[in-house]
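A.B. asks:
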Amino acid sequence: KAGVTQTPRYLIKTRGQQVTLSCSPISGHRSVSWYQQTPGQGLQFLFEYFSETQRNKGNFPGRFSGRQFSNSRSEMNVSTLELGDSALYLCASSPARTREGETQYFGPGTRLLVL
Amino acid sequence: AQSVAQPEDQVNVAEGNPLTVKCTYSVSGNPYLFWYVQYPNRGLQFLLKYITGDNLVKGSYGFEAEFNKSQTSFHLKKPSALVSDSALYFCAVRDPGDNTDKLIFGTGTRLQVFP
Chain E
1 KAGVTQTPRY LIKTRGQQVT LSCSPISGHR SVSWYQQTPG QGLQFLFEYF
51 SETQRNKGNF PGRFSGRQFS NSRSEMNVST LELGDSALYL CASSPARTRE
101 GETQYFGPGT RLLVL
Chain H
1001 AQSVAQPEDQ VNVAEGNPLT VKCTYSVSGN PYLFWYVQYP NRGLQFLLKY
1051 ITGDNLVKGS YGFEAEFNKS QTSFHLKKPS ALVSDSALYF CAVRDPGDNT
1101 DKLIFGTGTR LQVFP
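Chains as they are written, first to last, in this note's numbering: chain E, 1 to 115; chain H, 1001 to 1115.
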């Protein structure tokens, strides 16, 4: 079974631009979560989508948004990019069949550099 | 509030020696606990998890972890380290009362195994 895929893998943008990152979960997985990884802040939860609905949201400004499609694929968008948005953005999926300790499986990430 | 602490930024061990990477947590109720490993320029790979049951959990690549409720710890262990185990290790917790997949991560511990 193919793993979580993320596109693009690398991205360079300038301040003020916007960016859209894509995530395709493992086949059959219904929950997709996004995390931001930076050297200073570590791994931080951005949001989670399940059945096209945002189920939880981390403590990030409104410039960060996401959505999930009917095939469970997800996108996240960052508008008005700031230098501090430079990070590795990780997507994770889980089956979400039950709430009993489902394992999240992570994609390789998209490395975003904001200049 | 839920939290995870990894008190050591780096752990150094000689190949063939046992290794321990420490993790303590703070969460109300019985937590779900996870260990992930990250190799350079890669996403997170799932190693093992504790949901309920036996306090000693065995995972991938010969790793195991022991859940200790009284000490609120979930240390990762391996009897004999390999140079290829050198990577960044993350402990994570999920509150089972929180009806999402959201993970709270520790700051990570860099494991360096010397030949």
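Glycine included, every Cβ here is placed at the ideal spot set by N, Cα and C.
Helix, strand or coil for residue 1083 of chain H? Go by DSSP, reduced to three states.
C.D. replies: Within the second sequence, residue 1083 of chain H is the residue found at index 83, counting from 1. Three-state result, residue 1083 of chain H: helix.
A.B. asks: Would you verify that the beta carbon of residue 87 of chain E is, or is not, closer than 9 Å to some beta carbon of chain H?
C.D. replies: The residue given as residue 87 of chain E occupies position 87 in the first sequence. No, its Cβ sits nowhere closer than 9 Å to a Cβ of chain H.
A.B. asks: Across the stretch 1017-1028 of chain H and the stretch 90-109 of chain E, are there enough close Cβ pairs to call them in contact, namely three or more that are closer than 8 Å?
C.D. replies: Not touching, per the Cβ criterion.
A.B. asks: Taking the continuous beta strand (DSSP E) assigned at residue 1019 of chain H, which residues delimit it?
C.D. replies: Position 19 of the second sequence, counted from the start, is the residue given in the question as residue 1019 of chain H. Looking at the DSSP string, the run of the beta strand (DSSP E) that includes residue 1019 of chain H is 1019-1021.
A.B. asks: Per the contact definition of three or more C-beta pairs closer than 8 Å, is the stretch 1057-1068 of chain H in contact with the stretch 1006-1014 of chain H?
C.D. replies: Judged by Cβ distances under 8 Å, the stretch 1006-1014 of chain H makes no contact with the stretch 1057-1068 of chain H, as fewer than three pairs qualify.
A.B. asks: Kindly indicate which three-state DSSP category residue 49 of chain E falls into: helix, strand or coil?
C.D. replies: Counting from 1 along the first sequence, the entry for residue 49 of chain E is found at position 49. DSSP places residue 49 of chain E in strand when its eight states are reduced to three.
A.B. asks: Is there a Cβ from chain H that is less than 9 Å from the Cβ of residue 103 of chain E?
C.D. replies: Stepping through the first sequence from its first residue, residue 103 of chain E is reached at position 103. Yes, residue 103 of chain E counts as interfacial toward chain H.
A.B. asks: Any beta carbon from chain H within less than 9 Å of residue 66 of chain E's own beta carbon?
C.D. replies: Here residue 66 of chain E corresponds to residue number 66 of the first sequence, with the count starting at 1. No, because no Cβ of chain H sits closer than 9 Å to the Cβ of residue 66 of chain E.
A.B. asks: Determine the direct distance from the alpha carbon of residue 56 of chain E to that of residue 1102 of chain H, and round the result to whole angstroms.
C.D. replies: For the purposes of this step, residue 1102 of chain H is identified with residue 102 of the second sequence, where counting begins at 1. For the purposes of this step, residue 56 of chain E is identified with residue 56 of the first sequence, where counting begins at 1. Rounded to the nearest angstrom, the two C-alpha atoms are 8 Å apart.
A.B. asks: Measuring only the C-alpha atoms, how far is residue 8 of chain E from residue 90 of chain E?
C.D. replies: To locate residue 8 of chain E, count along the first sequence from 1; it is residue 8. To locate residue 90 of chain E, count along the first sequence from 1; it is residue 90. Computed Cα separation, rounded: 12 Å.
A.B. asks: Can the beta-carbon of residue 68 of chain E be found less than 9 Å from the beta-carbon of residue 32 of chain E?
C.D. replies: If you number the first sequence from 1, residue 68 of chain E lands on position 68. If you number the first sequence from 1, residue 32 of chain E lands on position 32. Contact: yes.
A.B. asks: Does any residue of chain H have a CB that is nearer than 9 Å to the CB of residue 48 of chain E?
C.D. replies: Residue mapping note: residue 48 of chain E aligns to position 48 of the first sequence, counting from 1. It does; some Cβ of chain H falls within 9 Å.
A.B. asks: Within this structure, are the beta carbons of residue 1021 of chain H and residue 1109 of chain H separated by less than 9 Å?
C.D. replies: Taking the first residue of the second sequence as 1, we reach residue 1021 of chain H at position 21. Taking the first residue of the second sequence as 1, we reach residue 1109 of chain H at position 109. Yes, the Cβ-Cβ distance between residue 1021 of chain H and residue 1109 of chain H is below 9 Å.
A.B. asks: If you draw a straight line from the C-alpha of residue 1078 of chain H to the C-alpha of residue 1047 of chain H, how long is it?
C.D. replies: Locating residue 1078 of chain H in the second sequence gives position 78, where the first residue counts as 1. Locating residue 1047 of chain H in the second sequence gives position 47, where the first residue counts as 1. Computed Cα separation, rounded: 12 Å.
A.B. asks: Give the residues from the stretch 1080-1097 of chain H that approach chain E closer than 9 Å (Cβ to any Cβ), ordered along the chain.
C.D. replies: The stretch 1080-1097 of chain H vs chain E, Cβ under 9 Å: 1090, 1092, 1094, 1096.
A.B. asks: Taking only runs of the beta strand (DSSP E) that begin and end inside the stretch 32-90 of chain E, which ones reach a length of at least 3 residues, in chain order?
C.D. replies: Fully enclosed beta strand (DSSP E) runs of 3 or longer: 42-50, 53-57, 64-68, 74-78.
A.B. asks: In whole angstroms, what separates the C-alpha of residue 37 of chain E from that of residue 1011 of chain H?
C.D. replies: Indexing the first sequence from 1 puts residue 37 of chain E at position 37. Indexing the second sequence from 1 puts residue 1011 of chain H at position 11. Cα-Cα distance, rounded: 21 Å.
A.B. asks: With a cut-off of 8 Å on the beta carbons, I'd call residue 44 of chain E and residue 23 of chain E a contact; round off their distance for me.
C.D. replies: The residue you call residue 44 of chain E lines up with position 44 of the first sequence. The residue you call residue 23 of chain E lines up with position 23 of the first sequence. Actually they do not touch by this definition, with Cβ atoms about 17 Å apart.
A.B. asks: Nearest CA to the CA of residue 88 of chain E: which residue from H:1040, H:1001, H:1070, H:1086?
C.D. replies: For the purposes of this step, residue 88 of chain E is taken as the residue at position 88 of the first sequence. That would be H:1040, whose Cα lies nearest to the Cα of residue 88 of chain E.
A.B. asks: Using a Cβ-Cβ distance cut-off of 9 Å, determine whether residue 22 of chain E contacts chain H.
C.D. replies: One-based indexing of the first sequence puts residue 22 of chain E at position 22. So, not an interface residue.
A.B. asks: Kindly list, in the order they appear in chain E, the residues whose Cβ is closer than 7 Å to that of residue 1042 of chain H.
C.D. replies: One-based indexing of the second sequence puts residue 1042 of chain H at position 42. Within 7 Å Cβ-Cβ: 108.
A.B. asks: Does the separation of the CB atoms of residue 1059 of chain H and residue 1069 of chain H fall below 9 Å?
C.D. replies: Position 59 of the second sequence holds residue 1059 of chain H. Position 69 of the second sequence holds residue 1069 of chain H. Contact: no.
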